[in-house]
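Asker:
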Amino acid sequence: MATNATVIKARLEIADMNRHYYQSHALTLARHPSENDQRLMVRLLAFALNASDDLTFSSSLSSEDEEPELSRRNLVGDIELWVAFGTPDEKWLRKACNRARQVQVFAYGENSVRVWWQQQERALARYRNLSVRALPDEALQQLAGMVERGMVLQFNISEQDVWVSSDKDSVGVHLEWLKEID
């Protein structure tokens, strides 16, 4: 874990009706000084939507690194799933799409996402293994209010809606597909 990082322990109780996946995951994350609560919750939301026993976070947060922040690898080490956050540029996504069987982007920051998508949509259309989801600011602000150093979160996933609950609050998140895998 990075120096000066805050250790976050999260237990995720996941009920994904889309994939018929019902499991608990105990995670220990490094919350880097540059990471805000919204971004941390985007990472946890992406984990819940793709949860499996072999899904792992990297030790780095930078989208410009050569390794994915969240990934699933097969038994020989090939990247099956590469998950990115924010609004990465096309050159970086090209590298990810060439290295992984499937790439997912969880874009957030509604105003910046709109501008980014207008600039990137045509270029990204050619990547058949890329999907892009936009997350609503209002829901992310509410999710950020749920962050604690030790937290238990329930994720109920059905179609494009995710209900995230803690002992203090419950937040509905509607995922908007900007691009689906062809």
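Each residue of the sequence shown is one higher than the one before, starting from 4 at the first, in the working numbering. Glycine residues also receive a C-beta, built at the ideal position from the N, C-alpha and C atoms.
Shortest alpha-carbon distance to Q121 belongs to which of L58, V165, Q157, E93?
Answerer: Reading the sequence shown from its first residue, position 118 is the one you call residue 121. Here the closest residue by C-alpha is E93.
Asker: Give me the Cα-Cα distance between G153 and D172, rounded to the nearest whole angstrom.
Answerer: By one-based count along the sequence shown, residue 153 stands at place 150. By one-based count along the sequence shown, residue 172 stands at place 169. The straight-line gap from Cα to Cα measures roughly 15 Å.
Asker: Measuring CA to CA, which of A142, A103, R129 is closest to E183?
Answerer: Position 180 of the sequence shown, counted from the start, is the residue given in the question as residue 183. Comparing Cα-Cα distances from E183 to each of A142, A103, R129, the minimum goes to R129.
Asker: Opposite W85 in the DSSP bridges: which residues?
Answerer: Mapped onto the sequence shown, residue 85 falls at position 82. Paired residues: S74, V106.
Asker: Quick check on L78: buried or exposed, where buried means 16 or more other Cβ atoms within 10 Å of its Cβ?
Answerer: As a working note, residue 78 is residue 75 in the sequence shown. The residue in question, L78, is exposed, as its Cβ has fewer than 16 Cβ neighbours within 10 Å.
Asker: Between the Cα of S74 and those of R42, K98, Q107, spot the shortest distance and give me the residue it belongs to.
Answerer: On the sequence shown, position 71 is the one that residue 74 refers to. Closest by alpha carbon: Q107.
Asker: Could you give the first and the last residue of the continuous beta strand (DSSP E) run that contains N159?
Answerer: Along the sequence shown, one-based indexing puts residue 159 at 156. Taken as a continuous stretch (DSSP letters only), the beta strand (DSSP E) holding N159 covers 153-161.
Asker: Just confirm the distance between the C-beta atoms of E162 and P139, as a whole number of angstroms; I'd bet it's less than 8 Å.
Answerer: Residue mapping note: residue 162 aligns to position 159 of the sequence shown, counting from 1. Residue mapping note: residue 139 aligns to position 136 of the sequence shown, counting from 1. So it is not a contact: roughly 16 Å between Cβ atoms.
Asker: What residue range is occupied by the uninterrupted beta strand (DSSP E) comprising A142?
Answerer: Numbered from its first residue, the sequence shown carries residue 142 at position 139. Not the beta strand (DSSP E): A142 falls in the alpha helix (DSSP H), residues 140-147.
Asker: Taking the continuous alpha helix (DSSP H) assigned at L178, which residues delimit it?
Answerer: Indexing the sequence shown from 1 puts residue 178 at position 175. Counting along the chain, L178 falls outside any alpha helix (DSSP H), and DSSP gives it neither H nor E.
Asker: Can you tell which of Y111, V86, P91 has the C-alpha that lies nearest to the C-alpha of R104?
Answerer: Counted from its first residue, the sequence shown places residue 104 at position 101. It is V86.
Asker: Quick test of your reading: A99 and V135, contact by CB under 8 Å. State the CB separation rounded to the nearest angstrom.
Answerer: As a position in the sequence shown, residue 99 is number 96, starting the count at 1. As a position in the sequence shown, residue 135 is number 132, starting the count at 1. That belief does not hold up - the Cβ atoms of A99 and V135 are roughly 12 Å apart, past 8 Å.
Asker: Just tell me which of V150, E151, V118 has its CA closest to the CA of A137.
Answerer: To locate residue 137, count along the sequence shown from 1; it is residue 134. Here the closest residue by C-alpha is V118.
Asker: Put K171 into one of helix, strand or coil per three-state DSSP.
Answerer: Mapped onto the sequence shown, residue 171 falls at position 168. Coil, per DSSP.
Asker: Quick one: what's Y24 bridged to in DSSP?
Answerer: Within the sequence shown, the letter at position 21 stands for residue 24. Bridge partners of Y24: D19.
Asker: For the beta strand (DSSP E) that contains T59, what are its first and last residues?
Answerer: Residue mapping note: residue 59 aligns to position 56 of the sequence shown, counting from 1. Segment 58-60, the beta strand (DSSP E) holding T59.
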